[in-house]
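Below: one structure, written as structure tokens.
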Amino acid sequence: MTSPKRVGRIEFGLFSPKEIRKMSVRKIIWADTYDDDGFPYPQGLMDLHLGVIDPGLRCKTCDQ
Numbered sequence: 001m002t003s004p005k006r007v008g009r010i011e012f013g014l015f016s017p018k019e020i021r022k023m024s025v026r027k028i029i030w031a032d033t034y035d036d037d038g039f040p041y042p043q044g045l046m047d048l049h050l051g052v053i054d055p056g057l058r059c060k061t062c063d064q
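Just so you know, we're using my numbering here: the sequence shown kicks off at 1 and counts up by one.
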């Protein structure tokens, strides 16, 4: 068993719009979230590459 560690410092900050765009990994082109069958649209607001909230679906970025 490892002993607990003490955190020396935590910093919080905000990203600029330019920094956010630079880190973006998926282009969103559809404002819709789900298709008629209830699945997320590719390149939509709930694209599976952005993570998932629905049980049974897997993230296409990290496969979790």
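Cβ coordinates follow ideal geometry from the N, Cα and C atoms, glycine included.
C-alpha distance - residue i paired with residue j, whole-angstrom precision
i, j, result
"C59", "P42", "12 Å"
"G51", "V25", "12 Å"
"G13", "M23", "15 Å"
Anticipated Cβ contact below 8 Å, residue i with residue j, distance rounded
i, j, result
"G44", "D32", "5 Å"
"P40", "L48", "6 Å"
Per DSSP, cross-strand counterpart(s) of residue i
i, result
"Y41", "For Y41, which the question treats as bridged, DSSP gives no partner whatsoever."
**Report entry** Uninterrupted alpha helix (DSSP H) stretches inside the segment 12 to 59 (no shorter than 4 residues)
**Finding:** Listed in chain order, the complete alpha helix (DSSP H) runs (minimum 4 residues) inside the segment 12 to 59 are 17 to 23.
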